[in-house]
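J.: Here it is: the structure, laid out below.
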Amino acid sequence: MPIRTRFAPSPTGYLHIGGVRTALFNWLFAKGQGGQFLLRIDDTDANRNVEEALTPILDGFRWLGIDWDEGPQVGGPHAPYYQSQRTDIYQQAVRQLLLSGAAYRDFARPEEIAAQRDAAQQAGEPFTYNRQWMADTDVRAAQFEAEGRTSVVRLKMPREGELILDDLVRGEVRFQWAREQDHVIQRADGSCLYHLATVVDDHAMEISHVIRAEEHLSNTPRQIFIAQQLGYSLPRFAHLPYVAEPGSKHKLSKRKLDKYLKIREFAQLKEHGQRITDRLSRVVDADTFNPVIIDFYEQIGFLPDAILNYLLLLGWSFDASREDFTRAEMLEHFTLQRVNKGPASFDVQKLLTFQDRAMQGLPPKQKVAMMLPYLQQAHLVSDPPSCEVGPKVRQIVEAAGDRLQVAGDILDYTDFFTAVDQLSYDKKAVEKRLHKPEDAIALLTSFRDRLAQLDSFDVESVDRCMHQFVEAEEIKIGQIVHAVRVATTGKSVGFGIFDTLAILGREQTLARIDRVLGGDSLLSPTGI
RNA sequence: GGCCCCUUCGUCUAGCGGUCUAGGACUCCGGCCUUUCACGCCGGCAACACGGGUUCAAGUCCCGUAGGGGUCACCA
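Below is the structure:
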């Protein structure tokens with residue numbers, strides 16, 4: 256029997272990390288064994304803008320490279336993949352359940368059920384509906400209707416015996432049937448509820464393994480009941496531990512995005528992201544531009560593989576020490592047996608280290624390709640870029656080394672593209688490196704003359720030039736490096752100084768030094 | 001509260017009865033490297049929730065206790 260798994264998001268408008276982790280495990284499990292992974296949209300709760308709310312979710316999966324064999328946009332033999340378009344199938348299932356006596360029409364008013372429930376709670380007893388308004392005959396139904404009542408369809412759950420569930424992650428889990436409620440599967444208006452729909456669809460779509468978050472564990476008995484009563488063969492179940500909030504054991508929740516921003520690491524990452532989108536003059540949704548939402552990472556230029564690798568390890572492990580996995584290796588090694596039982600909390604810091612490693616391992620050519628769009632969107636580079644831009648960006652990327660954590664970080668180095676008179680200077684840096692040292696200006700002046708005589712202006716030449724200068728003047732290299740850096744970049748931190756000058760090129764380098772030597776008041780009005 | 005699940009360093013985890021004076025990773029703290037920043041390198045702090053069993057031997061098996069969490073909708 257082929258392995259078929261699914262992820263069934265409801266259209267909420269965004270895709271959060273926990274959902275991605277669940278989808279990833281489903282995807283790995285199926286695709287690693289030559290099976291299929293499908294996407295189904297659980298929109299039984301009528302939603303007007305399904306498409307709009309779905310876009311960020313599908314885009315997120317596309318970006319991550321989690322592809323689906325069947326589902327929205329790709330279709331498949333079991334279409335449609337929207338529950339809102341499959342209502343006829345559910346109606347048929349409800350009829351079958353009603354006919355066999357596994358379900359019944361119930362005319363209780365919501366407040367009547369609530370009253371019984373409250374009474375049981377007061378008495379400290381488990382609530383079991385007494386089926387007082389159950390219509391098991393048409394005569395009864397007519398009576399209730401005469402009273403002006405409307406009906407829903409409820410499951411007629413067994414009231415004795417137990418269910419032994421063999422969960423692929425948790426092992427044997429036992430439930431007493433009598434504890435299960437007569438859940439509603441169809442509303443008064445005829446629409447069907449999640450539990451019914453999901454069981455019917457999983458069967459119709461030939462899902463072999465239902466891999467989902469632990470919150471669904473307690474829903475499983477009623478779903479198994481429905482499947483059994485409908486004569487379906489059961490899928491295997493695997494309940495994953497949920498992804499917990501950073502620094503807490505609570506489940507990561509869609510409704511607490513604000514709260515997560517109060518965590519320091521989160522705030523820092525968000526700030527980092529904000530800095531990038533600000534430079535792009537890009538307007539972001541303050542509510543969902545959040546490190547818990549996948550879209551955040553896409554916007555600022557994370558590597559999908561890094562995110563997947565981190566998420567893989569959130570609740571799963573390979574052995575005592577191995578943490579880095581390529582996509583192919585994930586597919587090869589993933590098993591449900593090695594999924595942990597306890598919840599794992601989301602740690603931004605560790606995610607960042609996966610990102611760092613992945614970024615460091617990326618060939619310069621690919622980095623340039625990732626970063627060019629950011630420069631274009633910031634209008635620093637034309638689209639398409641002119642021929643000298645590519646090599647220049649590449650020089651920057653190579654000189655930056657590990658400093659580029661995400662693609663958007665290229666915008667930290669846009670000073671390489673700005674005109675001489677547009678460059679701004681950091682006040683403290685100027686004072687410390689140009690004003691305070693008595694010989695700074697004199698050294699800068701004579702070093703400038705040496706630079707001007709250089710035949711070629713590559714890294715090696717500049718390096719050699721400065722070392723010769725240091726030797727000739729009998730100074731320490733630190734006495735000239737800092738002054739040159741501040742004079743040419745306006746800042747006290749940056750790349751290696753030889754890289755910096757080589758990237759700027761002779762013309763820019765000399766022009767920038769000349770501006771400083773020319774007595775231009777650096778600190779006003781354009782200076783900072 | 002009922003039902004269900006979970007419990008190894010602050011965090012993610014290795015450990016499937018002896019090789020555990022408990023290993024790795026992130027964080028943190030020292031140090032090295034160094035023209036700044038970052039990276040890198042070396043070193044350090046830090047955990048088997050508790051109590052009973054079973055066994056020659058328990059982090060590893062069993063039972064309790066405690067703690068944490070999930071779920072109890074005409075949401076998904």
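Mapped onto my numbering, the consecutive letters of the first sequence carry residue numbers 256 to 783.
Glycine included, each C-beta is placed from N, C-alpha and C at the ideal position.
1) If you drop the 5 nearest sequence neighbours on each side, which residues of the same chain put their C-beta closer than 7 angstroms to that of residue 678?
2) Do the segment 705-719 and the segment 738-758 make contact, defined as three or more Cβ pairs closer than 8 angstroms?
3) Would you report the Cα separation of residue 697 and residue 627, rounded to the nearest angstrom?
4) In the structure shown, what three-state DSSP assignment does residue 506 receive?
5) Nearest to residue 365 by CA position, among 414, 289, 442 and 431, is which residue?
6) Determine which residues share a DSSP beta bridge with residue 572 and list them.
7) Could you check the C-alpha separation between residue 686 and residue 656 for me, to the nearest Å?
8) Buried or exposed: residue 646, going by 16 or more other Cβ atoms within 10 Å of its Cβ?
9) Could you name the residues that DSSP lists as bridge partners for residue 447?
10) Applying the criterion that 16 or more other CB atoms from any shown protein chain within 10 Å of the CB defines a buried residue, is residue 590 buried or exposed?
11) Does the distance from the C-beta atom of residue 496 to that of residue 596 stay below 9 angstroms?
12) What does residue 426 pair with, by DSSP beta-bridge criteria?
13) Can you tell me whether residue 315 is helix, strand or coil according to DSSP?
14) With a cut-off of 8 angstroms, do at least 3 Cβ pairs link the segment 490-510 to the segment 416-428?
15) DSSP three-state label for residue 260, please.
16) Looking only at its chain, what residues have a beta carbon closer than 7 angstroms to the beta carbon of residue 274, apart from the 5 residues adjacent to it on each side?
17) Could you pull out every unbroken alpha helix (DSSP H) segment of at least 4 residues lying fully inside the segment 471-516, listed in chain order?
18) With DSSP as the reference, label residue 714 as helix, strand or coil.
19) Around the Cβ of residue 304, are there at least 16 other Cβ atoms within 10 angstroms (buried) or fewer (exposed)?
20) Which of the three DSSP states, helix, strand or coil, is assigned to residue 410?
21) Using the rule of at least 16 other Cβ atoms within 10 Å of the residue's Cβ for burial, across every protein chain shown, is residue 642 buried or exposed?
22) In whole angstroms, give me the CA-to-CA distance for residue 636 and residue 312.
23) Can you list, in chain order, the residues of its chain with a C-beta nearer than 7 angstroms to that of residue 459? Leave out the 5 residues immediately preceding and following it.
24) Exposed or buried, which one is residue 470 when buried takes at least 16 other CB atoms within 10 Å?
25) Looking only at DSSP bridge pairs, what is residue 271 linked to?
26) State the Cα-Cα distance for the pair residue 322 and residue 438, rounded to the nearest angstrom.
T.: By the coordinates alone:
1) 670, 745 and 767
2) yes
3) 39 angstroms
4) strand
5) 442
6) Residue 572 is not bridged to any residue.
7) 28 angstroms
8) exposed
9) 441
10) exposed
11) yes
12) 422
13) helix
14) yes
15) strand
16) 264
17) 475-484 and 512-515
18) helix
19) exposed
20) strand
21) exposed
22) 31 angstroms
23) 333 and 344
24) exposed
25) 548
26) 35 angstroms
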